[in-house]
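Chains as they are written, first to last, in numbering that gives the first Met the number 0: chain A, 0 to 427; chain B, 0 to 146.
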Amino acid sequence: MNFTGLSLDQAPPISAPVRFFLTAPLFAMLGAVFIFMFEPVALMSRFSLETITVTHMFTIGFIAMVMLGALQQMLPVLAGVSLPKASLVATSSHLLISLGLVLMSIGLLQSMKVVIFIATLSLGIGFLILLIAILIAISKVEFLTATIKGMRVAIGFAFVTVILGMYLLSSYGTGVMGESHLSFANIHAVLAIFGFAGVLIIGVSFQVIPMFYVTPAFHEGYQKYLVLLVATALLLWAVLSFVAVDFAWMAKAVLVVLFALFGYLIIQKMSQRKRPIADITVYYWRLSGVMAILGTLLWLGSAWIEDEVITTVGVIIGGGFLMAVMSGMLYKIIPFLVWFHLNGMGYMSIPSMGEMVHKKMALVQFVLFVLTLALFALAFWLPLLMKVGALTLFVSMVLLEINLVTAYRNYGETCKRKPDFDMSMMGG
Amino acid sequence: MPIIKEFMTQDHRDCDDTFAAMEQKANSEGLAATQELYQKMASEMEHHFQMEERVLFPAFEEKTGMTQGPTQMMRMEHTQMRSLIQEIGEALESDNKDRFFGLTETMMIMLQQHNMKEEQMLYTMIQQHMSAENDQLIMMMDAMITE
Chain A
0 MNFTGLSLDQ
10 APPISAPVRF
20 FLTAPLFAML
30 GAVFIFMFEP
40 VALMSRFSLE
50 TITVTHMFTI
60 GFIAMVMLGA
70 LQQMLPVLAG
80 VSLPKASLVA
90 TSSHLLISLG
100 LVLMSIGLLQ
110 SMKVVIFIAT
120 LSLGIGFLIL
130 LIAILIAISK
140 VEFLTATIKG
150 MRVAIGFAFV
160 TVILGMYLLS
170 SYGTGVMGES
180 HLSFANIHAV
190 LAIFGFAGVL
200 IIGVSFQVIP
210 MFYVTPAFHE
220 GYQKYLVLLV
230 ATALLLWAVL
240 SFVAVDFAWM
250 AKAVLVVLFA
260 LFGYLIIQKM
270 SQRKRPIADI
280 TVYYWRLSGV
290 MAILGTLLWL
300 GSAWIEDEVI
310 TTVGVIIGGG
320 FLMAVMSGML
330 YKIIPFLVWF
340 HLNGMGYMSI
350 PSMGEMVHKK
360 MALVQFVLFV
370 LTLALFALAF
380 WLPLLMKVGA
390 LTLFVSMVLL
400 EINLVTAYRN
410 YGETCKRKPD
420 FDMSMMGG
Chain B
0 MPIIKEFMTQ
10 DHRDCDDTFA
20 AMEQKANSEG
30 LAATQELYQK
40 MASEMEHHFQ
50 MEERVLFPAF
60 EEKTGMTQGP
70 TQMMRMEHTQ
80 MRSLIQEIGE
90 ALESDNKDRF
100 FGLTETMMIM
110 LQQHNMKEEQ
120 MLYTMIQQHM
130 SAENDQLIMM
140 MDAMITE
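Structure representation (structure tokens):
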């Protein structure tokens, strides 16, 4: 009987997920610098090279970074399985994805074909190494829960997203755009956001929200069918986009209803908390619930409004829904990992989770993030606000990095100081 | 008679509720008013740990021969939580609200991830191996007095 994941020794070393978590705000900072540098007009167009570059600083650099780090950490706890060669996989995939993303921005912005090809390979291999390792781990799970099923579906969509992404990026290298290039780009984007990120968030929140905030469980019907319905709507939409594009909006409407419903469920769960303390992570969950509803409804409406509104939709869904969830989770995961590993090593005099994050700094960081969203959304009418938003975003991400590094430093410092190594713990 | 998995899972939920009630009291009426609920929480938790350590785990270990596996890991996590409960009590004594809520947050997550491992894996395994002894084990756990 497989029970490896229950042991702390078998869990990945703390550095494996944390390197992903601490890299995320750095790429968001780079994204903010790009937004500041580029002409607002170039960013209004969805398929400009500037927009593509900026978008991926946030989608790969921030959102995917956090999700990949969290998956490595959660599989042992939620499913009792660990990744094969956890350290090697984490190190190499983190390096390849980071390098690939930097090269992608250089290659696209400077039109350097060779660099684009290297970026394609680096990103592709980086993602595939980790996704395959996760898939191997998940295949060993004995007791399937709604969360594990959600993870499996999300990883499936991640594969398609990555393969399509490699194809799309490499075609900027060859300079040959197939006639379906825009359709593929569209499918790549929608599967990445709703299939990979969206489904993963739904699946994980079934377990994590009741656990962190002591709320009633999600209704069994949602746990059983929500992911299934989302996946079906996504596949249907992708197929209709090719064979009967006039009807694709119907599948899109179903998708929108499902995610708006999920946004509502988040808000509802947050108001059913039995834990009275509304920390920064509760604010982030509430924000993401509201933005999931707003963003998806605007996405549905965008077909009938001006096409440019799609960048605003991207800001609201990508930033307001996805990045907000990720930021909130980072504020919980890193302090808990530090505490859990130190305590497991036998240290008793360590700060609690709540003492590792400076509350006022976290609040300032959150407020600046919300301000950024508002500025970017309004930039649709007043492009100058894009530059102001880039500044607030940059500061917000610097603060996020400082807050997370401050929490993580407790780990190294305690290990070095060895305040009170308690041998009695070792005997259990 | 309930089955072991349901019985133990329900006890988890009862402990969660007492824990949340304690936090709520501390939040609305201050730490001084929370002493009683703290004692209730601490003794419910201790009772649950001992039902496992003194009745359920030994029976499972004897039947399967797995003494160094999951049950050992769960015992270590009990030790971690016992020290947290004690620290929460100290924060209560010294009327340190920041420390109190910092610790209860840590405890809550520690507790929930521990519960999850038990409910989704260990109890399922125990149920598979011990279904014949189900009623007897539940009666023993129910009658057990915390030491």
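Glycine is no exception: its CB is placed at the ideal position from the N, C-alpha and C atoms.
The model shown is predicted, which means the values in this text are computed figures rather than measured ones.
By the Cβ test, the region 28-45 of chain A is not in contact with the region 402-417 of chain A, since fewer than three Cβ pairs between them sit closer than 8 Å. Rounded to whole angstroms, the separation of the alpha carbons of Met124/B and Met139/B is 19 Å. Between Met107/B and Arg285/A, the gap from beta carbon to beta carbon reaches 8 Å or more. Under the three-pair Cβ rule at 8 Å, the region 63-83 of chain A does not count as touching the region 164-181 of chain A. Against chain A, a Cβ distance below 8 Å from Thr8/B picks out nothing, because the smallest value is about 12 Å. Membership of Glu45/B in the alpha helix (DSSP H) is indicated by the continuous run Gln34 to Gln49. Taking a C-beta distance under 8 Å as the contact criterion, Phe61/A and Met325/A qualify as a contact pair. Here the region 6-22 of chain B lies against the region 112-130 of chain B, with 3 or more beta-carbon pairs under 8 Å apart. With a cutoff of 8 Å on beta-carbon distance, Met165/A and Thr119/A are scored as near each other. Counted as a single uninterrupted DSSP element, the alpha helix (DSSP H) harbouring Lys358/A occupies residues Lys358 to Leu377. Non-local C-beta neighbours of Ala58/B in its own chain, meaning closer than 8 Å and more than five positions away in sequence, comprise Met129, Glu132 and Leu136, ordered along the chain. For Asn402/A, the enclosing alpha helix (DSSP H) begins and ends at Leu384 to Arg416. Inter-residue distance for Thr145/B and Gln49/B is about 7 Å (C-alpha atoms, whole angstroms). For Asp15/B, the nearest CB of chain A lies under 8 Å from its own CB, placing it at the interface with that chain. Among the residues facing chain B, Leu48/A is not included, as its CB has no counterpart in that chain under 8 Å away. Listed in chain order, the positions of the region 80-97 of chain A with a beta carbon within less than 8 Å of a beta carbon of chain B would be empty, since no residue qualifies. Going by C-alpha positions, Ile131/A is about 14 Å away from Leu122/A. Contact annotation: the region 98-118 of chain A does not touch the region 139-158 of chain A, with fewer than three C-beta pairs closer than 8 Å.
Here Glu146/B carries a coil assignment [DSSP, helix/strand/coil].
Using beta-carbon distances, Thr413/A does not count as an interface residue toward chain B, since no partner is under 8 Å. For Glu354/A, the closest Cβ of chain B is nearer than 8 Å. Comparing alpha carbon positions, the residue from Leu67/A, Tyr212/A, Thr144/A and Val253/A closest to Asp16/B is Tyr212/A. Listed along chain B are Gln79, Ser82, Leu83, Thr105 and Met109, each with a C-beta nearer than 9 Å to that of Asn342/A.
In the structure shown, Arg53/B adopts helical secondary structure according to DSSP, grouped into three states. Of Ile401/A, Pro350/A, Ala378/A and Leu234/A, the smallest CA-CA separation from Arg98/B is found for Pro350/A. Two segments are said to touch when three or more pairs of C-beta atoms, one from each, lie closer than 8 Å; by this definition the region 51-68 of chain B does not touch the region 30-41 of chain B. Assigned with DSSP and collapsed to three states, Asp15/B falls in helix. Note on geometry: alpha-carbon atoms of Lys251/A and Tyr346/A lie some 52 Å from one another. Under the three-state reduction of DSSP output, Ala58/B falls in the helix class. Just so you know, the alpha carbons of Met352/A and Ala136/A end up roughly 29 Å apart. According to the DSSP assignment, Phe57/A belongs to the alpha helix (DSSP H) that extends over Leu48 to Phe57. Taken through DSSP and simplified to helix, strand or coil, His218/A comes out as coil.
Look at Ala131/B: its C-beta is not under 8 Å from any C-beta on chain A. Distance from the Cα of Asp278/A is smallest, within the candidate group Val53/A, Ser270/A and Leu362/A, for Leu362/A.
Assignment of Ala243/A by DSSP, reduced to helix, strand and coil, places it in the coil class.
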